[in-house]
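Only one structure is covered here, and it is reproduced in the block below.
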Amino acid sequence: MKKIVVKFGGSNLRQPEDISRVVSVVQSYQQPLVLVVSAFYGITNALIACVQAAKQGAGTAAALAESQDYTQNLRALKKQILEANISAPTHRARIEQALSVRLNQLDRYLTGIHCIGDVPTFVNDAILSYGERLSSLLLTEVLLSHGIRAREALPEDIGLITDGVFGNAACDFDASAPAVSRALEGDEVIVVPGFYGVDRDGKATLFGRGGSDYSAASIACCIGAESLDVWKDVDGFLSADPGTVNEPHTISQLNYLEAAELSYFGAKILHPRTVEPLFDQNIPIRILNITRPERGLQPYSVINAQRKVTRDVVKSVTSTEDVAILKLHGPGVGFKPGILAQVTQTLDASGINIKSVLTAQTAINILVSRDHLDAGYAALVEHHLAGVVEVSRNADVAIVAVVGDGVLEASDVGGAIASRALSAAIAAGVHVCLAAAGASEVAAYMLVQQEDRKLALQAIHAEFFGG
1 MKKIVVKFGG
11 SNLRQPEDIS
21 RVVSVVQSYQ
31 QPLVLVVSAF
41 YGITNALIAC
51 VQAAKQGAGT
61 AAALAESQDY
71 TQNLRALKKQ
81 ILEANISAPT
91 HRARIEQALS
101 VRLNQLDRYL
111 TGIHCIGDVP
121 TFVNDAILSY
131 GERLSSLLLT
141 EVLLSHGIRA
151 REALPEDIGL
161 ITDGVFGNAA
171 CDFDASAPAV
181 SRALEGDEVI
191 VVPGFYGVDR
201 DGKATLFGRG
211 GSDYSAASIA
221 CCIGAESLDV
231 WKDVDGFLSA
241 DPGTVNEPHT
251 ISQLNYLEAA
261 ELSYFGAKIL
271 HPRTVEPLFD
281 QNIPIRILNI
291 TRPERGLQPY
301 SVINAQRKVT
311 RDVVKSVTST
321 EDVAILKLHG
331 PGVGFKPGIL
341 AQVTQTLDAS
351 GINIKSVLTA
361 QTAINILVSR
371 DHLDAGYAAL
381 VEHHLAGVVE
391 VSRNADVAIV
401 AVVGDGVLEA
411 SDVGGAIASR
421 ALSAAIAAGV
431 HVCLAAAGAS
441 EVAAYMLVQQ
451 EDRKLALQAI
461 HAEFFGG
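At position 114 of the sequence shown (counting the first as 1) the number is 114 in UniProt numbering, and the numbers step up by one without a gap.
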C-alpha cells in the first residue's frame, strides 16, 4: 500500500493544545503515513531574530544573555506543550531529557557565533532548522503517548540530499530517492522535520522560507506517495484574498501550473516550489482544513495534472507586493545587442533574482524582489553599462495576476480574458504601469501602483466572478 505524505504547518501549531488536533487527524487515516512538520508558529522568526542579534552584538555579554534567555523561553514553551498533551510523568520526564539534548545543541551553536563574531552560512542554516527538529521530536512522542506506533526520522538520517546551496537548497532526487524510500519503509507513522535537507557532507541546508511544503513534496516524490495532504487553517485555494474581496469562491480543482503561478504571485497556501517534485509522477496535492473536523479527510482543493480549458477559465485573481522595478534608460537600449546578457550577468553576480524583463526602444524594465532593489540598483550603476544613460528604481508597485489555464487563448462573450482584466482595472481608475502575458501559459499580469492594488483586485474579481 502506498503511503500518504501529510504536512502540518506552523499555522496548525500556534498553541500547546493544537497538537491534539494533529493527533486526531493522524488517527483518522487508514493508510501508512509520513508526517512532515513545521516549527511551532513564530519559532523560526524568533530564531532569525536571535541570529541577527548575535551578529549585531557579537562578543558582548548582553547579546549572549539574550540568546540564553531565548533558549530558556523555548524550554518553557516545550514544557507547556508536554504538560498539555502528555499526562504520564515518567514519559514526560524522558521527553524533557531528549528535548534538552536538542536545545543544548542549539545553545552551543548560539554561543559559538558569539565567540567567533560571525555567522557562517552553514551555521545559520543549522540554527534555523531547530524549530522543526523540536517539533518533530515533540509530535513523535505525543503520538506514542496516544498509543500510535510512531518514530522520528531526521533528514540527515534518511538521506534527503540537496544541491548544497545554503539558505535556498533544492533536493537532489537522484541521490535522495533510493535512500529515502528505504529509510521510510514500514507501517508505523514516521515523523520528519521539514524545512531542510543535508548536503553531501551532512550539513543542514534550508529549502528557503516556507520550505517545509517543498520538503514534503520532495519526500512524496522520493517514495512515490499516493498523495501529499497539506493541512492548513483555511479553506484551500480561493478566487481571491478574503481580506480584499468579499466572499471569494473556493477553487475545488487546479492543475499544477495554476497552483504554481498562484503561489508565485502571492497565494499563501503553498510554497511556490511545492509542485515541482510532484509533476512528473502526477502525485496529487490535497488541501484540507484542520479547523473543520466535520469534513474529515475531504479536501477543499485538489491539485493534479488535469488540464481542461472551460468557459470559466479564470480560477483566481491574486497579487504580490514583493516586486520592484529597475529601469535602464537610453536611446535604442532595447535593441542594443548583448545588453540583456550584460544586465543579467551583473545582477546574477550580485545574487539578484530577476522576476521578469520587459523591453522597449528606449528602456529595459527589470522586475525584482523588493528586498533586492537597492543591491540591484547599486550593481547596475557601478557597472556603467554601454548605452545606458540612466538607471532608476521604483518600489511603489505591485503585481496583480489573473490565473487560469487558457487565459491567453480563451475568448468568451466578454472578449479575451487578459483584455477584460485590463479593461476592468482601468475602468475602476487603476493606474496600470505595465501589462504582460505570455511568460506563463496560465497567467496574465499587470503592474500597478501599490496604492491601487486592492482596487485592481476587486475590480477584476467582480468582472469574472460578480459581486
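Heads up, the beta-carbon is just placed ideally off N, CA and C, and yes, glycines get one too. If you're wondering where the values come from, they're calculated on a predicted model, not measured in any experiment.
Alpha carbons only, please: which of the options is nearest the one belonging to residue i?
i: residue 360; options: 99, 435, 86 and 314; result: 435
i: residue 354; options: 343, 362 and 137; result: 343
i: residue 17; options: 112, 284 and 142; result: 142
i: residue 363; options: 336, 13, 345 and 346; result: 336
i: residue 75; options: 54, 106, 147 and 91; result: 106
i: residue 304; options: 2, 3, 285 and 445; result: 285
i: residue 30; options: 124, 297, 384 and 416; result: 297
i: residue 306; options: 320, 97 and 281; result: 281
i: residue 171; options: 12, 210, 181 and 222; result: 222
i: residue 27; options: 127, 56, 409 and 144; result: 144
i: residue 393; options: 371, 406 and 400; result: 371
i: residue 386; options: 329, 4 and 5; result: 329
i: residue 350; options: 356, 339 and 378; result: 378
i: residue 449; options: 166, 437, 425 and 461; result: 425
i: residue 318; options: 396, 332, 376 and 238; result: 238
i: residue 465; options: 235, 44, 312 and 384; result: 312
i: residue 462; options: 198, 408, 420 and 446; result: 420
i: residue 100; options: 49, 82 and 88; result: 82
i: residue 443; options: 458, 212 and 401; result: 401
i: residue 431; options: 459, 254 and 293; result: 459
i: residue 278; options: 300, 257 and 295; result: 257
i: residue 15; options: 121, 408, 78 and 384; result: 78
i: residue 218; options: 249, 176 and 252; result: 176
i: residue 123; options: 133, 339, 157 and 108; result: 108
Over what stretch of residues does the beta strand (DSSP E) that includes residue i continue unbroken?
i: residue 305; result: Note, residue 305: premise wrong, no beta strand (DSSP E); not H, not E.
i: residue 35; result: 33–37
i: residue 196; result: 196–198
i: residue 192; result: 189–193
i: residue 206; result: 204–206
i: residue 150; result: 150–152
Could you spell out where the alpha helix (DSSP H) holding residue i opens and where it closes?
i: residue 132; result: 130–145
i: residue 229; result: No alpha helix (DSSP H) holds residue 229; the beta strand (DSSP E) holding it covers 227–232.
i: residue 262; result: 256–264
i: residue 173; result: 173–183
i: residue 45; result: 43–56
i: residue 285; result: Element bounds for residue 285: not the alpha helix (DSSP H) but the beta strand (DSSP E), 285–289.
i: residue 240; result: First-last for residue 240: undefined, no H or E at that position.
i: residue 213; result: 212–223
i: residue 295; result: No alpha helix (DSSP H) holds residue 295; DSSP gives it neither H nor E.
i: residue 420; result: 417–427
i: residue 19; result: 19–28
List the residues that DSSP assigns as beta-bridge partners of residue i.
i: residue 449; result: 397
i: residue 390; result: 329
i: residue 274; result: None; residue 274 has no bridge partner.
i: residue 380; result: According to DSSP, residue 380 bridges with nothing at all.
i: residue 8; result: 37 and 231
i: residue 440; result: 443
i: residue 13; result: The partner list for residue 13 (beta bridge, DSSP) is empty, contrary to what the question assumes.
i: residue 161; result: 198
i: residue 403; result: 316 and 443
i: residue 434; result: 447
i: residue 250; result: 238
So with Cβ pairs under 9 Å, would you call residue i a contact of chain C?
i: residue 103; result: Any reference to chain C falls outside this structure, which holds one protein chain only.
Touching or not, the region 106–118 and the region 153–168, by the rule of three or more beta carbon pairs under 8 Å? no
Could you give the uninterrupted runs of the alpha helix (DSSP H) lying entirely in the region 311–378, keeping only those of 4 residues or more? 339–349
At least three beta-carbon pairs within less than 8 Å, the region 322–329 to the region 246–264: no
Those runs of the beta strand (DSSP E) which lie wholly inside the region 103–132 and span at least 3 residues: none
Touching by the beta-carbon criterion (3+ pairs, under 8 Å), the region 33–42 and the region 6–23: yes
If you pair each beta-carbon of the region 441–461 with each one of the region 243–253, do three or more pairs fall below 8 Å? yes
Between the region 204–220 and the region 123–133, are three or more C-beta pairs nearer than 8 Å? yes
Specify whether the region 65–79 and the region 217–231 touch according to this definition: at least 3 beta carbon pairs, one from each stretch, less than 8 Å apart. no
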